[in-house]
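K.L.:
Here it is: the structure, laid out below.
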Amino acid sequence: MDVDDLVLTDDSVEPSRDTSDHASTLDASISGAVDDETSRDETLGDESPRDSGVIAALRRPVVRVCLLAVGLIIGSTLLVAFGDSDPHLDGGTIWMAALVAVGYALAERFVFHVEYRREAVSFSMSEVPSALALVFLGPIPAILIRVVVCVVVIRLAWKSPPFKLFFNAALFAFELALAYTIVGAINGANETDQVRLLLAVGIALTVSTLVGTVLVTLAIACFEGEVFSLIVAEVRTAVVVSPLVTMIACVSIAPTLFRTELVALAALPVVTGWFVVERHGRLAQSYRDLRSLHGFSRAVSQSLQIDEIAESAVAESMRLMRASGGMIQIWDEAGNVIVEHGDIGHAPSSRRDPVWAAVFDSDRATPFSIESDGSVSVDPKRAHGSIAVLLSDGDGEIGLLLLTGRGGASETFGTAELSQARTLGDQAAASFRRALLHAEMEYAALHDRLTGEYNRGAFEKVVTDRLAELGARRAAVLMFDLNRFKEVNDTLGHHVGDRVLIQFADRLRKRLEPGDVLGRFGGDEFAMLVRRADDDAVKRCAEQILSDSLVAMKLDDLDVVVTTSVGVAFVDAIDDPVAEVMRRADLAMFTAKRERTAVEIYREEIDRRTPARLSLLGSLRKSLEAEELTVHFQPKVDLVTSTVIGAEALARWQHPVHGWVSPADFIQLAEESGLIKQLTDQILTSSVRTLSGWHAAGHLLSVAVNLSTHDLLDEGLPKRIANLLERYEVEARFLTLEITESALLADTPRTKGTIERLDQLGVRMSLDDFGTGYSSLGYLRRLPVAELKVDQSFVKNLLLDEQDAVIVKSTIDLGHNLGLQVVAEGIENMPILTRLQELGCDIAQGYGISRPLAPEQFGTWLATTDYAVAGSSSSSLWA
């Protein structure tokens, strides 16, 4: 590498556009250095508006480079003035000067560039003419030849601005003057020791090259700063390369030391050295390009996030293609931009942008230019400073990569760069396709497919994040469930049901405010996080959504009204677990649906799904397995004969920790958990076993056992009861099964079938809590019901509330008119009992007669009561 490798060419002083990858090596390619320098001047001027004119000028990098050149000229002048002006050997000044001039011209013209990142290192054989000049020419003609020839060639080849030519001329002069001084110091006036002269030339060229390296680095540092790091980086390369190239130069001129005519022999080592350097450089360049491609592939494949890949792809593409600007777009299937990174001042608005049609219709990598009218033109046969790379794979086009401001040995993108850009585009496209597929999978995992809203897991996570930013606003979770949505699916089809869900989701979106979150949890269940000024604003939001649901949905030619039930749960504290708030809203929603109240706000009294209740469920399961539940019996008295004719079996449970548990609590818990079958079987077994004992003791009593809705859906219940009666040898007529009005409406065909098989078995059926439900009188006529029980809510106020008295009287008359016996429960005192006798009620039970008793206590009560007891020696209703 000769002094030409140290020249400040048009590629050597551009302020780096990336401080992490600065142009620190020699001949680092740039474009528009003067513009960059001017921009830097303006920036410095803005930063120091009060600096004086001289100080401001000194801050300009170009001025500092020119001052450095002036110093080199002065140094060259002093070195030449105090040095030896005669050549060391006589070689024919005229023709040797011409030979040296041709050598410099050829060396500068056939510079071999090795590009690395945004840098270009130049190699030439200019040491050979410099060595000839040191031996056969004086310093003044040699300096003039080199300065004139090299500056002309550089100007023609690189179009360098004047300040760079000025610096290069000063640098050439100083390096050659320094080399002459070193040769003179080592060789002195000795003209016979050719070996010493050759050694002096080698040392002089090596030292001057290293000094030139430092000087060029200082010039670059005027633009980039970081003087020390730049010098270290450049000297590290020069120390290895300079002696090698200098040795080739010395070998080339060695024959001329003996006979000048042998200068032709210098061509062989020069050509050989050039060939070796050129081939090695190209192989090294290929290796670096391959390694860079692997680095690019690794960089863009380290992440599955599109934004991160886009950032890496732009940065790596600019670095590898030595571009000063870059931008990338990623499109969706419709051609819309979903990700954009970087900025070059011009970019398509979408894949359909007509201004960029020429780029979209061209090859995958093509040069382009922006015309003065803003249009984009493409000319594949002409090199440009900007290229466009379509990112595509086997599944179609993904996006577009744009690169501008080519650096390196050339300011335009040629055929080799276009090929490299295609390769980079293929690598990037594969990474982006993986990222798009990952994004689709991630979106599908977090969103509902039909409406595009968050699913349950994503909703919970997003709500958790939003609640952390709650501030002073009131937050609540609203749960929605569409009423009678199943009828829409069954009647009109699931495709219509999907349209209903989509339209309902659209209505919910219209009620969203900034910070609100919407989700769909599957089926017809939706959820919203709303943040409003206060509780009333939250309630108004729920009521507005309820009103929206009353508006008919247009489904083709049909107007479909699908209302909703809403559950509201307020967030009491920021640290409230979101899952718990959602559970409360869900419970409130089901309460609204069950009670048909449209909107319910969560309150503790409707919450039966507490941790304590879960613990109670576990205890209930263990107690049922251990048969620890007991059955108490409440007597039933015939009001006509004042005879005890039976009892109602009532389950009791004494918890080892909580004591006696209300039947309303553990029976509902058993229904919700699926334990009701086991509970009913245990009550039936205990009741029938006790009934068998009464009969054995001579008391022909009956027993009534309550059945739940779930029991009537159990098609195996009649068979189990038949086996139980057979085992304890009890006639079926002594067993009464009480059912509620609401049980008759649950899956009517199944419940009706179970009731009919029980009737065929011979057991009696009683309709419990009559008057509190909504059963049709048609059921009383069609079903084999033998008894009506007036609910205690009417009986206990019989003497105080005239309306209750009317209801009780009407129920008694209705039952008698249908041929049914009427039982009144909840008798608290004798006046109520007397009034029921007057109204014609048949049977009574309640605390006014006796509280529920354990089997042993019940036997004692039978022996001591003033009422007669049905038996073999007395008349019985069941005879």
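With my numbering, you'll find the sequence shown wraps up at 1340, consecutive numbering, no jumps. Note that the Cβ used here is the ideal one computed from N, Cα and C, for glycine as well. All figures in this text were calculated on a predicted structure; none of them were measured in a lab.
1) With DSSP as the reference, please indicate the residues paired to V1284 in a beta bridge.
2) Applying the 10 Å Cβ sphere with the 16-neighbour rule, what's the burial state of N648?
3) In the DSSP assignment, the alpha helix (DSSP H) including T538 goes from what residue to what residue?
4) Assuming I770 and F893 form a contact by the criterion Cβ under 8 angstroms, report the distance between their Cβ atoms to the nearest whole angstrom.
5) Excluding five sequence neighbours on each side, which residues of the same chain lie with their C-beta closer than 7 angstroms to the C-beta of P704?
6) Express the C-alpha separation of A1125 and D1262 in angstroms, rounding to a whole number.
7) Quick one: what does DSSP say R1045 is sitting in, helix, strand or coil?
8) Sorted by chain position, which residues of the same chain lie with C-beta nearer than 7 angstroms to I664's C-beta, five sequence neighbours on each side aside?
9) Taking 7 angstroms as the limit between beta carbons, can you name the residues of its chain near G1320, skipping five residues before and five after?
10) Kindly indicate which three-state DSSP category P716 falls into: helix, strand or coil?
11) Taking DSSP as the reference, what is the three-state secondary structure of A936?
12) Give a yes or no on whether the C-beta atoms belonging to T1197 and R1225 are separated by under 9 angstroms.
13) Just how far apart, CA to CA, sit G1280 and E1289?
14) In whole angstroms, what is the alpha-carbon distance linking P1316 and L1152?
15) Keeping to the same chain, check which residues put their C-beta closer than 7 angstroms to that of D985; ignore five residues upstream and five downstream.
16) Taking the alpha-carbon of R972 as reference, which of L660, F982, L1007 has the nearest alpha-carbon?
17) With respect to the alpha helix (DSSP H) encompassing A1034, which residues constitute its N-terminal and C-terminal limits?
18) Under the criterion of a Cβ to heavy atom distance below 8 angstroms, does I601 qualify as lining the ligand HEM?
19) L939: which of V1039, A896, F874, R657 sits nearest, CA to CA?
20) Considering only C-alpha positions, which residue in the set A542, R616, L718, V706 is nearest to L639?
21) Could you tell me which residues DSSP pairs with Y915 in its beta bridges?
22) Contact between the segment 1095-1108 and the segment 1052-1072: three or more CB pairs below 8 angstroms?
23) Between the Cα of D1047 and the Cα atoms of L679, G1028, G913, which residue gives the shortest distance?
24) Please classify K1097 as buried or exposed, where buried requires at least 16 neighbouring CB atoms within 10 angstroms.
25) Since S838 sits in a beta bridge, which residues does DSSP pair it with?
26) Below 8 angstroms on the Cβ atoms is my guess for G787 versus S778; work out the distance and round it to an integer in Å.
27) Give the secondary structure of D654 by DSSP, where H, G and I count as helix, E and B as strand, and everything else as coil.
28) State the Cα-Cα distance for the pair R783 and F821, rounded to the nearest angstrom.
29) Leaving aside the five residues before and after D1303 along the sequence, list all residues of the same chain whose C-beta is less than 6 angstroms from its C-beta, in chain order.
30) What are the start and end residues of the beta strand (DSSP E) that includes D1099?
31) For my contact list, V1267 and L1300 are in at a C-beta cut-off of 8 angstroms; report their separation, rounded to the angstrom.
32) Rounded to whole angstroms, what's the CA-CA distance from L1075 to L765? Just pull it up for me.
33) If you draw a straight line from the alpha carbon of A1329 to that of V1149, how long is it in whole angstroms?
34) Just the C-alpha distance for T1326 and L1168, rounded to the nearest angstrom, thanks.
35) Hey, P1348 and L1260 are a contact pair by Cβ (cut 8 angstroms); roughly how many whole angstroms apart?
36) Where G846 and L979 are concerned, what is the direct C-alpha to C-alpha distance, given to the nearest angstrom?
P.N.:
Taking the coordinates as given:
1) To locate residue 1284, count along the sequence shown from 1; it is residue 823. According to DSSP, V1284 bridges with K1250, I1304.
2) In the sequence shown, the residue the question calls residue 648 occupies position 187. With 16 or more other Cβ atoms within 10 Å, it is buried.
3) Residue 538 sits at position 77 when you count from the first residue of the sequence shown. Start and end: 522-542.
4) Along the sequence shown, read from residue 1 onward, the residue named residue 770 stands at position 309. Along the sequence shown, read from residue 1 onward, the residue named residue 893 stands at position 432. With a Cβ gap of about 6 angstroms, I770 and F893 count as contacting.
5) Translated into the one-based positions of the sequence shown, residue 704 becomes position 243. T667.
6) As a working note, residue 1262 is residue 801 in the sequence shown. As a working note, residue 1125 is residue 664 in the sequence shown. In a straight line, the C-alpha of D1262 is about 27 angstroms away from that of A1125.
7) In the sequence shown, the residue the question calls residue 1045 occupies position 584. The answer is helix: DSSP assigns R1045 an H, G or I state.
8) As a first step, residue 664 is located in the sequence shown; it is residue number 203 there, counting from the start. Once the five neighbours on either side are set aside, the close Cβ partners of I664 are I643, I647.
9) The residue given as residue 1320 occupies position 859 in the sequence shown. Cβ neighbours of G1320 beyond the five flanking positions: none.
10) Counted from its first residue, the sequence shown places residue 716 at position 255. Of the three classes helix, strand and coil, the one that applies to P716 here is helix, per DSSP.
11) Residue numbering aside, residue 936 sits at position 475 when the sequence shown is read from its first letter. Collapsing the DSSP output to three states places A936 in a strand.
12) The sequence position of residue 1197 within the sequence shown is 736, counting from 1. The sequence position of residue 1225 within the sequence shown is 764, counting from 1. Going by C-beta atoms, T1197 is nearer than 9 angstroms to R1225.
13) The residue labelled residue 1280 in the question sits at position 819 within the sequence shown. The residue labelled residue 1289 in the question sits at position 828 within the sequence shown. If I take the Cα positions, the gap works out to 27 angstroms.
14) Here residue 1316 refers to the residue found at position 855 of the sequence shown. Here residue 1152 refers to the residue found at position 691 of the sequence shown. The alpha-carbon atoms of P1316 and L1152 are separated by roughly 10 angstroms.
15) By 1-based counting over the sequence shown, the position of residue 985 is 524. Cβ neighbours of D985 beyond the five flanking positions: D942, L943, F946, L962.
16) For the purposes of this step, residue 972 is taken as residue 511 along the sequence shown, with counting starting at 1. Taking each of L660, F982, L1007 in turn and checking the Cα distance to R972, the smallest one comes out for L1007.
17) By one-based count along the sequence shown, residue 1034 stands at place 573. From DSSP, A1034 is part of no alpha helix (DSSP H); its letter is neither H nor E.
18) The ligand HEM is absent from the structure shown, which contains no ligand whatsoever.
19) Within the sequence shown, the letter at position 478 stands for residue 939. Comparing Cα-Cα distances from L939 to each of V1039, A896, F874, R657, the minimum goes to V1039.
20) As a working note, residue 639 is residue 178 in the sequence shown. For L639, the nearest C-alpha among the options comes from A542.
21) Taking the first residue of the sequence shown as position 1, residue 915 is located at position 454. In the DSSP output, where bridge partners are listed per residue, Y915 has H908, G980.
22) By the Cβ criterion, the segment 1095-1108 is not in contact with the segment 1052-1072, since fewer than three pairs of Cβ atoms, one from each stretch, lie closer than 8 angstroms.
23) Against the sequence shown, residue 1047 aligns to sequence position 586. The closest CA to that of D1047, considering only L679, G1028, G913, is found on G1028.
24) Position 636 of the sequence shown, counting from 1, holds the residue named residue 1097. For K1097, the number of other beta carbons within 10 angstroms of its own is at least 16, and it is reported as buried.
25) Start at 1 with the first residue of the sequence shown, and residue 838 comes out as number 377. Answer is S830.
26) For this step, residue 787 is matched to residue 326 along the sequence shown. For this step, residue 778 is matched to residue 317 along the sequence shown. Distance from G787 to S778 at the Cβ level is roughly 6 angstroms; contact confirmed, criterion being Cβ atoms closer than 8 angstroms.
27) Residue numbering aside, residue 654 sits at position 193 when the sequence shown is read from its first letter. In this structure, D654 counts as coil in the three-state DSSP scheme.
28) As a working mapping, residue 783 is identified with position 322 in the sequence shown. As a working mapping, residue 821 is identified with position 360 in the sequence shown. When only Cα atoms are considered, R783 and F821 end up about 24 angstroms apart.
29) Within the sequence shown, residue 1303 is the residue found at index 842, counting from 1. In the same chain as D1303, and ignoring 5 residues on each side of it, the C-beta atoms closer than 6 angstroms to its own belong to Q1282, V1283, in chain order.
30) Numbered from its first residue, the sequence shown carries residue 1099 at position 638. Annotation: the continuous beta strand (DSSP E) that includes D1099 extends over 1091-1099.
31) Here residue 1267 refers to the residue found at position 806 when the sequence shown is read from its first residue. Here residue 1300 refers to the residue found at position 839 when the sequence shown is read from its first residue. About 11 angstroms; that fails the 8 angstroms criterion.
32) What you label residue 1075 is simply residue 614 of the sequence shown in a count that begins at 1. What you label residue 765 is simply residue 304 of the sequence shown in a count that begins at 1. Whole-angstrom Cα-Cα distance: 43 angstroms.
33) As a position in the sequence shown, residue 1329 is number 868, starting the count at 1. As a position in the sequence shown, residue 1149 is number 688, starting the count at 1. One C-alpha to the other measures close to 22 angstroms.
34) Position 865 of the sequence shown, counting from 1, holds the residue named residue 1326. Position 707 of the sequence shown, counting from 1, holds the residue named residue 1168. Computed Cα separation, rounded: 29 angstroms.
35) As displayed, the chain neither begins before 462 nor continues past 1340, which places residue 1348 out of reach and without an answer.
36) As a working note, residue 846 is residue 385 in the sequence shown. As a working note, residue 979 is residue 518 in the sequence shown. Cα to Cα, the separation comes out at about 49 angstroms.
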